[in-house]
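Heads up, the sequence shown is in our numbering, so the first residue is 11 and it goes up one at a time.
For each residue, glycine too, the CB sits at the ideal point set by N, CA and C.
Comments concern the structure below.
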Amino acid sequence: MFLCPDEGGGLTGERGVWFCVLCGPDRRRAVRPDGTVCSPGTAERCMSRLLSAVESELQAGREKGDPTERELRVTLEDAELWRRFQHITNEMIVTKNGRYRMFPVLKVSVSGLDPSSMYSFLLDFVPAACRWKFVNGEWVAAGRAETRGEGRGGIYIHPDSPNFGAHWMKAAVTFNKVKLTNKVNGGGQIMLNSLHKYEPQLHIVCVGSRHRLVSNVSFKETQFIAVTAYQNEEITALKIRYNPFAKAFLDSQISTNNISKLIKHKHPGPQVVLPYLFSNYPCSAHC
Numbered sequence: 011m012f013l014c015p016d017e018g019g020g021l022t023g024e025r026g027v028w029f030c031v032l033c034g035p036d037r038r039r040a041v042r043p044d045g046t047v048c049s050p051g052t053a054e055r056c057m058s059r060l061l062s063a064v065e066s067e068l069q070a071g072r073e074k075g076d077p078t079e080r081e082l083r084v085t086l087e088d089a090e091l092w093r094r095f096q097h098i099t100n101e102m103i104v105t106k107n108g109r110y111r112m113f114p115v116l117k118v119s120v121s122g123l124d125p126s127s128m129y130s131f132l133l134d135f136v137p138a139a140c141r142w143k144f145v146n147g148e149w150v151a152a153g154r155a156e157t158r159g160e161g162r163g164g165i166y167i168h169p170d171s172p173n174f175g176a177h178w179m180k181a182a183v184t185f186n187k188v189k190l191t192n193k194v195n196g197g198g199q200i201m202l203n204s205l206h207k208y209e210p211q212l213h214i215v216c217v218g219s220r221h222r223l224v225s226n227v228s229f230k231e232t233q234f235i236a237v238t239a240y241q242n243e244e245i246t247a248l249k250i251r252y253n254p255f256a257k258a259f260l261d262s263q264i265s266t267n268n269i270s271k272l273i274k275h276k277h278p279g280p281q282v283v284l285p286y287l288f289s290n291y292p293c294s295a296h297c
């Protein structure tokens with residue numbers, strides 16, 4: 011859920027803040043402190059206000075944070091695994107129904123927040139300047155990308171938002187429910203253009219009497235090209251090897267023996283051991 015302004019346009023005091031509760035794929039409702047429900051339009055205005063705060067701060071180019079958060083550190087978890095995929099140009103599946111989730115999963119550790127302040131964590135995907143195509147076993151640039159407006163498909167708000175700084179710092183923040191699509195169909199899915207490269211960007215917003223952008227950070231290791239089907243066989247092999255719920259790819263296109271040969275030939279060295287816990291999700295949702 012995320013912090014919601016009152017219908018007068020401002021934010022109330024600590025005892026009077028409102029929240030917007032996610033009620034389903036496409037429905038939201040704003041809830042007052044006494045438990046009564048306000049109009050659906052209020053929830054939408056809340057979302058708009060939070061996102062516009064991010065954009066306005068970015069455009070203004072203000073110095074990030076205040077003395078409370080000058081020691082803020084955001085660290086990418088499983089960085090070595092991300093680098094393995096980056097080395098051969100990572101790919102992420104996008105579908106019309108947004109069935110697939112990202113793998114590797116974006117996960118960060120955060121320190122330096124004010125434990126008693128409220129923060130929201132938002133994620134968007136910044137497109138590169140050109141389209142790409144897979145030719146003779148490698149990705150090459152193939153003309154200009156779609157415009158920024160067409161190529162940037164919304165912002166994902168972490169479902170724990172807003173929450174106290176202490177909450178965000180007690181364990182890694184995981185974006186394991188982000189679903190990617192190539193069609194504008196709502197439901198909290200992120201729309202991306204196929205054959206375009208993207209870099210996930212994390213925004214941390216302090217919410218309260220006024221929204222304030224604390225930090226925005228990205229990691230080059232997490233860049234990927236959106237595809238409707240994997241183009242590079244090595245990517246398929248790595249996805250199967252490190253994602254325990256990607257076994258659906260073990261079909262006629264690539265055998266188990268081929269996977270082992272590809273990885274031993276292209277990626278020698280010690281194996282990466284990962285503690286992923288996806289027991290609540292079907293295998294097809296994490297490819």
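query	result
Is E209 closer than 8 angstroms to T232 when the C-beta atoms are compared?	yes
Do E79 and V183 come within 8 angstroms of each other at the CB atom, strictly closer than that value?	no
Would you give the residue range spanned by the alpha helix (DSSP H) that Y252 belongs to?	E243 to Y252
Output the distance between the C-alpha atoms of S127 and G175, rounded to the nearest integer angstrom.	6 angstroms
For F229, collect the residues of the same chain with a Cβ closer than 6 angstroms to its Cβ; drop the 5 residues on either side in sequence, then sort them by chain order.	L86
Measuring CB to CB, does A247 end up less than 8 angstroms from L205?	no
Please name the residue in R222, I250, F95 and S171 whose C-alpha comes closest to that of S62.	R222
Buried or exposed: A139, going by 16 or more other Cβ atoms within 10 Å of its Cβ?	exposed
Looking at the secondary structure, which residues open and close the alpha helix (DSSP H) in which K180 lies?	G175 to K180
Using CA atoms only, rank isn't needed, just tell me which of I250, R93, K249 and Q199 is closest to L133.	Q199
Residues in its own chain within less than 8 angstroms of V188 by CB, not counting five upstream and five downstream?	R111, M112, L116, L133, Y166 and I200
In its own chain, which residues sit with a C-beta less than 8 angstroms from the C-beta of K106, not counting the 5 before and 5 after it?	T191, N192, K193 and N195
Which first and last residues belong to the alpha helix (DSSP H) in which F95 is found?	A89 to H97
Taking only three categories from DSSP, how would you classify T232?	helix
Using 10 angstroms around the beta-carbon of G108, count the other beta-carbons present and answer buried if the total reaches 16, otherwise exposed.	buried
Hey, would you say V227 sits closer than 8 angstroms to V84, going by beta carbons?	yes
Which residue comes first and which comes last in the beta strand (DSSP E) that contains L132?	M128 to V145
Measuring alpha carbon to alpha carbon, tell me which of T99, P137, I214 and R93 ends up nearest S130.	I214
Rounded to whole angstroms, what's the CA-CA distance from E148 to N242? Just pull it up for me.	8 angstroms
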